[in-house]
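Sequence lines, in order, name chains R and W. As numbered in our numbering, residues 1 to 139 make up the first sequence, in order. As numbered in our numbering, residues 140 to 278 make up the second sequence, in order. Think of the CB as a built atom: it goes at the ideal place given N, C-alpha and C, for glycine as much as any other residue. What follows is a single structure, written as structure tokens, with notes after it.
There are 2 protein chains.
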Amino acid sequence: MSDLVTRLRQRSWRMTPQRRVIAETLDGAHVHYTADEILERAAGRMPEISRATVYNTLNEMVALGEVLELNLDGRSKRYDPNVEHEHHHLICEGCGATKDVHTVGNPMDWLPGDERHGFAVTRASITFRGLCRECAAAS
Amino acid sequence: MSDLVTRLRQRSWRMTPQRRVIAETLDGAHVHYTADEILERAAGRMPEISRATVYNTLNEMVALGEVLELNLDGRSKRYDPNVEHEHHHLICEGCGATKDVHTVGNPMDWLPGDERHGFAVTRASITFRGLCRECAAAS
DNA sequence: CTCCCTGCAAATCCTTTGCATACCC
DNA sequence: GGGTATGCAAAGGATTTGCAGGGAG
Chain R
1 MSDLVTRLRQ
11 RSWRMTPQRR
21 VIAETLDGAH
31 VHYTADEILE
41 RAAGRMPEIS
51 RATVYNTLNE
61 MVALGEVLEL
71 NLDGRSKRYD
81 PNVEHEHHHL
91 ICEGCGATKD
101 VHTVGNPMDW
111 LPGDERHGFA
121 VTRASITFRG
131 LCRECAAAS
Chain W
140 MSDLVTRLRQ
150 RSWRMTPQRR
160 VIAETLDGAH
170 VHYTADEILE
180 RAAGRMPEIS
190 RATVYNTLNE
200 MVALGEVLEL
210 NLDGRSKRYD
220 PNVEHEHHHL
230 ICEGCGATKD
240 VHTVGNPMDW
250 LPGDERHGFA
260 VTRASITFRG
270 LCRECAAAS
């Protein structure tokens with residue numbers, strides 16, 4: 001699968017310099033950033049970019065289904081451009097850093113029919129929590 | 140295991156009328172409420188109760204380890220008094236309703252060592268998403 | 001050339017905090 | 001009676017929105 005900018009253009013989504021910078025910032029990340037972290041990094045390349053544009057743009061990418069919104073640590077939302085492969089998340093309870101991880105098997109198989117409470121269940125994701133090396137060393 | 144009020148008293152936690160109402164509201168719930176929903180229900184029995192007290196009290200119960208704080212839908216936090224049995228959550232993407240579910244197996248077994256990125260992993264929880272009966276019918 | 005994106009600032013939502021008073025143990 | 005929980009109101013952080021001007025297609 002192609003990179004995020006390409007995927008967005010293929011959907012004939014209007015591409016602006018701001019949107020490109022945001023998409024590239026997201027796509028290059030090995031961890032998942034908050035809106036504020038994205039603003040900070042985007043502003044390094046384009047100082048006039050506004051916070052509102054970052055939020056608007058992220059929300060549109062999420063609405064298009066090209067980016068996933070994560071609510072894992074109760075502070076701020078994080079954004080995950082990796083929609084192509086099924087994966088799960090590993091979170092540091094100290095600093096909130098979020099990484100992708102891959103597991104064996106399919107969690108959907110683990111939920112018996114009589115535990116579905118009449119829901120039409122469509123997705124399942126696993127959140128692993130612990131301390132990263134740095135936070136473990138600091139505590 | 141006993142009910143939440145009893146557990147809290149056993150830890151010699153100062154019990155006030157407000158705290159009792161909040162604990163009972165939480166404990167009687169078959170779904171998990173937001174702080175605001177708890178305030179609303181508590182206020183039905185005790186009109187003078189304040190929003191600050193609800194938040195303070197919930198945070199203390201969480202700090203004591205008697206209640207779990209959930210950040211699952213990106214809106215507001217929800218509170219889960221069911222700390223005794225390992226369980227996971229099923230969320231309606233329409234209305235945000237949150238229910239407990241039980242699965243077979245242990246999710247920790249699903250994360251290979253080489254996917255742990257140096258983390259000391261302590262917990263794993265699965266979030267199932269879909270639409271509840273009401274929301275499915277409405278869409 | 002038109003429509004929609006952008007930036008600014010103000011507004012909104014959720015949650016926390018400071019302080020004086022009330023009350024549990 | 002001492003210390004701490006409560007209520008009120010104001011502060012705080014994250015996110016959204018209204019509006020006028022500017023730029024992409």
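- prompt: If you count every other CB in all the chains shown that lies within 10 Å of the CB of W:H171, and 16 or more means buried, which is it?
  reply: For the purposes of this step, residue 171 of chain W is taken as residue 32 along the second sequence, with counting starting at 1. The residue is buried, with at least 16 neighbouring Cβ atoms inside 10 Å.
Within 8 angstroms, strictly: CB atoms of R:D36 and W:N210: Stepping through the first sequence from its first residue, residue 36 of chain R is reached at position 36. Stepping through the second sequence from its first residue, residue 210 of chain W is reached at position 71. Not in contact: R:D36 and W:N210 (Cβ atoms no closer than 8 angstroms).
query: What does a CB cutoff of less than 6 angstroms around R:G45 pick up in its chain, not counting 5 residues either side in sequence?
result: Within the first sequence, numbered from 1, the residue matching residue 45 of chain R stands at position 45. Here residue 45 of chain R turns out to be Arg, not Gly, going by the sequence shown. These residues qualify, in order along the chain: V21.
query: Cα-Cα, which of R:I91, R:L68, R:E24 and R:G94 is closest to R:V83?
result: Position 83 of the first sequence, counted from the first residue, corresponds to residue 83 of chain R. Measuring from the Cα of R:V83, the nearest candidate turns out to be R:L68.
- prompt: On the three-state DSSP scale, how would you describe W:C274?
  reply: Here residue 274 of chain W refers to the residue found at position 135 when the second sequence is read from its first residue. Three-state result, W:C274: helix.
field: Simplified DSSP state of W:D142, which is helix, strand or coil
entry: Counted from its first residue, the second sequence places residue 142 of chain W at position 3. Reduced to three states, the DSSP call for W:D142 is coil.
Neighbour flag for R:H117 against chain W, beta carbons, 8 angstroms: Your numbering for residue 117 of chain R matches position 117 in the first sequence. At least one chain W Cβ lies under 8 angstroms of R:H117.
message: I'd like the span of the alpha helix (DSSP H) that includes R:I38, first residue to last.
response: Here residue 38 of chain R corresponds to residue number 38 of the first sequence, with the count starting at 1. First-last of the alpha helix (DSSP H) with R:I38: A35 to R45.
task: Please list the residues of the stretch 182 to 213 of chain W that have a C-beta atom closer than 9 angstroms to any C-beta atom in chain R, keeping them in chain order.
output: E208, L209, N210, L211, D212 and G213
field: With 16 other Cβ atoms within 10 Å as the buried cut-off, status of W:R190
entry: Working through the second sequence from its first residue, we reach residue 190 of chain W at position 51. It counts as exposed.
query: Looking at the C-beta of R:P17, does it have a partner C-beta in chain W at a distance below 8 angstroms?
result: As a first step, residue 17 of chain R is located in the first sequence; it is residue number 17 there, counting from the start. So no, R:P17 is outside the interface.
message: Just to confirm my understanding: we take R:L131, look at its own chain, exclude 5 residues before and 5 after, and list those with CB closer than 8 angstroms. What are they?
response: Position 131 of the first sequence holds residue 131 of chain R. The residues are C92, E93, G94 and S139.
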